[in-house]
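Asks:
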Amino acid sequence: MEIFLQQIVNGLVVGSVYALVALGYTMVYGILGLINFAHGDLVMVGALTALQTMMFLMGVAPGMSPIAMLTLSLLVAIPVCMLLAFTMERLAYRPLRNAPRLAPLITAIGVSFLLQTLAMIIWGRNYHTFPQLISTTPVQPIEGVFITPIQITIVIVSALMMAGLVLLVTKTKLGRAMRATAENHRVAALMGVDTNMIIALTFVIGAALAAVAGVMFASNYGIAHYGMGFMPGLKAFTAAVLGGIGNLGGAMLGGIVLGLVESFGAGYIEHLTFGFLNSSYQDIFAFIILGLVLIFRPTGLLGERVSDRA
Amino acid sequence: MNELALAVPWLGKRNPQAARWLVIAIAIGAPLVAMMFGRTWVRVLDFALLYILLALGLNLVVGFAGLLDLGYIAFYAVGAYTAAFLASPHFDLHMPIWIVLPLAAFFAAMAGITLGFPVLRLRGDYLAIVTLGFGEIVRIFMNNLNYPINITNGPQGINALDPIVLFGWDLSRNVQVTEELAINSLFLYYYFFLACVIGSIIFIQRLQISRVGRAWAAMRDDELAAKAIGINTRNMKLLAFSLGATFGGVSGVLFGTFQGFVSPESFSLMESIAVLTMVVFGGMGNIAGAIVGAIM
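These protein sequences, in sequence, are chains S and Y.
Plus 109 on top of the position in the first sequence (first one is 1) and you've got this note's numbering.
Plus 12 on top of the position in the second sequence (first one is 1) and you've got this note's numbering.
1) Would you give the residue range spanned by the alpha helix (DSSP H) that threonine 290/S belongs to?
2) Apply the 10 Å Cβ neighbour rule to glutamine 225/S and answer buried if 16 or more other Cβ atoms are within range, or exposed otherwise.
3) Which runs of the alpha helix (DSSP H) spanning at least 4 residues fall entirely within the stretch 143-194 of chain S, listed in chain order?
4) To the nearest angstrom, report how far apart histidine 148/S and lysine 239/Y are at their CA atoms.
5) With DSSP collapsed to three states, give me the class of threonine 257/S.
6) Using a Cβ-Cβ cut-off of less than 8 Å, list which residues of the stretch 130-147 of chain Y approach chain S; keep chain order.
7) Quick one: which chain Y residues come within Cβ less than 7 Å of aspartate 150/S?
8) Taking buried to mean at least 16 other C-beta atoms within 10 Å of its own C-beta, is asparagine 247/Y buried or exposed?
9) Nearest CA to the CA of threonine 311/S: which residue from Met191/S, Ala128/S, Val254/S, Ile117/S?
10) For glycine 323/S, which of Met306/S, Ile308/S, Gly342/S, Ala309/S has the nearest alpha-carbon?
11) From the beta carbon of valine 292/Y, is the nearest beta carbon of chain C less than 9 Å away?
12) Let me see if you follow: with CB-CB separation under 9 Å, is isoleucine 365/S close to chain Y or not?
13) Cβ of alanine 86/Y less than 9 Å from any chain S Cβ?
14) For chain Y, check one thing: does any of its Cβ atoms lie closer than 9 Å to the Cβ of tyrosine 390/S?
15) Give the secondary structure of isoleucine 221/Y by DSSP, where H, G and I count as helix, E and B as strand, and everything else as coil.
16) Can you tell me whether valine 131/Y is helix, strand or coil according to DSSP?
17) Expressed to the nearest angstrom, what Euclidean distance is found between the alpha-carbon atoms of proline 407/S and glycine 353/S?
18) Quick one, which residues of the stretch 397-412 of chain S are near chain Y if we go by CB-CB under 9 Å, in chain order?
19) In its own chain, which residues sit with a C-beta less than 7 Å from the C-beta of glutamine 391/S, not counting the 5 before and 5 after it?
20) Roughly how many angstroms lie between the CA atoms of valine 118/S and valine 54/Y, to the nearest whole one?
21) Can you tell me whether DSSP reads isoleucine 285/Y as helix, strand or coil?
22) In whole angstroms, what is the alpha-carbon distance linking threonine 162/S and leucine 206/Y?
23) For the alpha helix (DSSP H) that contains alanine 75/S, what are its first and last residues?
24) To the nearest angstrom, how far is the alpha carbon of methionine 287/S from that of valine 131/Y?
25) What three-state label does DSSP hand alanine 333/S in the structure shown?
26) Report the residues of the stretch 339-366 of chain S with a CB closer than 7 Å to any CB of chain Y, ordered along the chain.
27) Could you list the residues in the stretch 72-99 of chain Y with a C-beta less than 7 Å from some C-beta on chain S, going in chain order?
28) Residues of chain S with CB under 7 Å from isoleucine 152/Y, in chain order?
29) Between phenylalanine 87/Y and glycine 211/Y, is the Cβ-Cβ spacing less than 9 Å?
30) If alanine 230/Y sits next to isoleucine 216/Y, beta carbons under 8 Å apart, how far is it from one beta carbon to the other, in whole angstroms?
31) How about isoleucine 218/S: is its C-beta nearer than 9 Å to some C-beta of chain Y?
32) Pick out the complete alpha helix (DSSP H) segments inside the stretch 75-127 of chain Y, 4 residues or longer, and give them in chain order.
33) Can you tell me whether glutamate 111/S is buried or exposed? The criterion is at least 16 other CB atoms within 10 Å of its CB, across all chains shown.
34) When you compare the CB positions of valine 402/S and valine 350/S, do they come within less than 9 Å of one another, or not?
35) Using a C-beta to C-beta distance shorter than 9 Å, which residues of chain Y count as neighbours of leucine 211/S?
36) Which residue comes first and which comes last in the alpha helix (DSSP H) that contains arginine 55/Y?
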């Protein structure tokens, strides 16, 4: 029973990070029908920029309180990612908006590798220790179940950000414009929506979420390096597909479900396969789920879109 | 062999015959020239030939049939690991290349069908993502199947694969012609690979203008219309996957035996993308393009 509860906790924590990243995928896909492979690498850029800022701050003001330091580094990481996403959209994706379907996808992969390589040049190939500014001493709300304060923070921050995003999309004028653009570019443009602007903003908002997710992800594991964004990126995409791509609620649900499946899978696979497979197979669950969803329910859990559109 | 002639466009249009001979002369003479700059360059040429094979195979799937496959390297891995299981001290099996090659091709084709079946209904980006996931799954398995039973030897990979022996000729040994003159084994591999590549080019060219090739082209351009004129798109897709995979498997065997060891590291996503880049770079659906792309 303790193991079961523990896996739920782990799953929720990982899942909420996936959900945040998945939102970025799903928003861009909803509007452009593009899988932005480079989104996962924004997570990495966010984490590494924050790390750099923390290093700087520790040098300049060693006595600074951890919370202030974390906030400041987020305030640096978020704009950096936003700017990067804006540039990316402007230079790589906008010229290809009417190109044949495979061109933007291959470009996105290219952008992803470009970001990874740049990060490798700037920060080197090594794994960096990420300062864990929020305490990692676990508390035990129930005997045998460990939760660290940082995990609690992750879940709360993600929930807040998701709520904020939903409000933004459903209640504001900007959100309405985004939904209109997703529905139909041309008609939205005729109604006076600056669609180019809206598309750029979608990328930028997604990037902000990715930056936060990156900082949380790195704080949770205590490491950061140039390739860290790829796997979470893929899994977040899986989460987006699982929930129904183009659907915000779906992305959140998908993220949480994927996180839970993954942690349960990793926890129990050894018993289920009689010790033949162990927890190092954790990464395959996301892909298996992805395959199953696409085969049996291509619209995802909550989606209405048809997967056939390419 | 018209495609060959077109690889040198400035000559190919005016005098295809001359262009053809030029390409053949370059292909045969290249390692001799490369040798002047050192042995590593001959090695590079050998690898370039392997990449040509891979690019040709992927071109079948992506270029001809229009199915974007991001996990192509998995078939390459299947081929290389089959060679490693059947012809190395790892399981103490030492089968000749004539058994390894068809078996590897068969396993790779099976892997292709295994991947092909579930993704039949998918198109475009979804297909790309699922194939990518498939590639990763294969790599994760190779990386971890050393416990509890050691099958793949984990991240360390398998060492000391048997070299290719053709009719009693060991390709990994230098051939002593006279006392002083020896032909380096890299050359032997080069010409063997070259023969494979030329065989594949001829095969693919015939395929392209065959019923199957035309059906693929129709399917790529408009799946609905292709169905309407009576093409069995399901079988055609599976055929594209399995044939493409066969090429991957064969080049995997050649790669494994040439390099002498296989490890999961050689089969990362990066490699899949590199091969895809070659295909895209040379122009999708174009044989000469795939070759030029691979050499670059």
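Note that CB positions come from ideal geometry on N, CA and C, so glycine has one too.
None of these values were measured; they are calculated from a predicted model.
Replies: Working from what's here:
1) Here residue 290/S corresponds to residue number 181 of the first sequence, with the count starting at 1. The continuous alpha helix (DSSP H) containing threonine 290/S extends over residues 282-292.
2) For the purposes of this step, residue 225/S is taken as residue 116 along the first sequence, with counting starting at 1. When all chains shown are included, glutamine 225/S counts as buried.
3) If only complete runs of 4 or more residues are kept, the stretch 143-194 of chain S shows the alpha helix (DSSP H) at 148-169, in order along the chain.
4) Here residue 148/S corresponds to residue number 39 of the first sequence, with the count starting at 1. Here residue 239/Y corresponds to residue number 227 of the second sequence, with the count starting at 1. So the two alpha carbons sit approximately 36 Å from each other.
5) Here residue 257/S corresponds to residue number 148 of the first sequence, with the count starting at 1. It is coil, neither helix nor strand.
6) For chain S, the residues of the stretch 130-147 of chain Y that bring a beta carbon within less than 8 Å of one of its beta carbons are Pro130, Val131, Arg133, Leu134, Arg135, Gly136, Asp137, Tyr138, Ala140, Ile141, Val142, Leu144, Gly145, Phe146, in chain order.
7) Translated into positions along the first sequence, residue 150/S becomes position 41. Contact note: aspartate 150/S does not reach chain Y at a C-beta cutoff of 7 Å; the least C-beta distance is about 13 Å.
8) Along the second sequence, one-based indexing puts residue 247/Y at 235. Classification of asparagine 247/Y: exposed, given that the 10 Å Cβ count is below 16.
9) Sequence index remark: in the first sequence, residue 311/S carries index 202 (1-based). For the options Met191/S, Ala128/S, Val254/S, Ile117/S, the alpha carbon positioned closest to that of threonine 311/S is the one of Met191/S.
10) Walking along the first sequence from the start, residue 323/S turns up at place 214. Of the candidates Met306/S, Ile308/S, Gly342/S, Ala309/S, the one whose C-alpha sits nearest the C-alpha of glycine 323/S is Gly342/S.
11) Absent from the structure: chain C. Protein chains present are S and Y.
12) As a working mapping, residue 365/S is identified with position 256 in the first sequence. Cβ-Cβ to chain Y under 9 Å: no for isoleucine 365/S.
13) As a position in the second sequence, residue 86/Y is number 74, starting the count at 1. Not closer than 9 Å to any Cβ of chain S, the Cβ of alanine 86/Y fails to qualify, so no.
14) In the first sequence, residue 390/S corresponds to position 281, counting from 1. Chain Y contact via Cβ: present.
15) As a working mapping, residue 221/Y is identified with position 209 in the second sequence. In the structure shown, isoleucine 221/Y sits in coil (DSSP, three-state: anything other than H, G, I, E or B).
16) For the purposes of this step, residue 131/Y is identified with residue 119 of the second sequence, where counting begins at 1. In the displayed model, valine 131/Y falls within coil according to three-state DSSP, outside both helix and strand.
17) For the purposes of this step, residue 407/S is taken as the residue at position 298 of the first sequence. For the purposes of this step, residue 353/S is taken as the residue at position 244 of the first sequence. Spanning the two alpha carbons is a distance of roughly 8 Å.
18) Result list: Ile397, Leu399, Gly400, Leu401, Leu403, Ile404, Pro407.
19) In the first sequence, counting from the first residue as 1, residue 391/S sits at position 282. The residues Glu371, Gly374, Ala375, in chain order, have a CB closer than 7 Å to that of glutamine 391/S in the same chain once the five nearest residues on each side in sequence are set aside.
20) Counting from one through the first sequence, the residue named residue 118/S turns up at place 9. Counting from one through the second sequence, the residue named residue 54/Y turns up at place 42. In this model, valine 118/S and valine 54/Y are separated by some 56 Å (Cα to Cα).
21) For the purposes of this step, residue 285/Y is taken as residue 273 along the second sequence, with counting starting at 1. Three-state DSSP puts isoleucine 285/Y in a helix.
22) Taking the first sequence and counting its residues from 1, the one referred to as residue 162/S is at position 53. Taking the second sequence and counting its residues from 1, the one referred to as residue 206/Y is at position 194. Whole-angstrom Cα-Cα distance: 54 Å.
23) This structure does not reach residue 75/S, given that chain S is present from 110 up to 419, and the question cannot be answered.
24) Here residue 287/S is taken as the residue at index 178 of the first sequence, counted from 1. Here residue 131/Y is taken as the residue at index 119 of the second sequence, counted from 1. About 32 Å.
25) Position 224 of the first sequence, counting from 1, holds the residue named residue 333/S. Strand, per DSSP.
26) Taking 7 Å as the Cβ-Cβ cut-off against chain Y, the residues of the stretch 339-366 of chain S that qualify are Phe346.
27) Within the stretch 72-99 of chain Y, the qualifying residues are Leu80.
28) As a working mapping, residue 152/Y is identified with position 140 in the second sequence. For isoleucine 152/Y, the chain S residues whose C-beta falls within less than 7 Å of its own C-beta are Tyr390, Asp392, Ile393, listed in chain order.
29) Your numbering for residue 87/Y matches position 75 in the second sequence. Your numbering for residue 211/Y matches position 199 in the second sequence. For the 9 Å CB-CB criterion, phenylalanine 87/Y and glycine 211/Y do not form a contact.
30) Within the second sequence, numbered from 1, the residue matching residue 230/Y stands at position 218. Within the second sequence, numbered from 1, the residue matching residue 216/Y stands at position 204. The Cβ separation is near 18 Å, so there is no contact.
31) What you label residue 218/S is simply residue 109 of the first sequence in a count that begins at 1. It does; some Cβ of chain Y falls within 9 Å.
32) Annotation note: the stretch 75-127 of chain Y contains the following uninterrupted alpha helix (DSSP H) runs of length 4 or greater, listed N- to C-terminal: 85-98.
33) Within the first sequence, the letter at position 2 stands for residue 111/S. So glutamate 111/S ends up on the exposed side.
34) Residue 402/S sits at position 293 when you count from the first residue of the first sequence. Residue 350/S sits at position 241 when you count from the first residue of the first sequence. The Cβ atoms of valine 402/S and valine 350/S lie closer than 9 Å to each other.
35) The count along the first sequence starts at 1 and reaches residue 211/S at position 102. Result: Val74, Gly78, Leu80, Gly136, Asp137, Ala140, Val292, Met296.
36) Walking along the second sequence from the start, residue 55/Y turns up at place 43. Residues 51-70.
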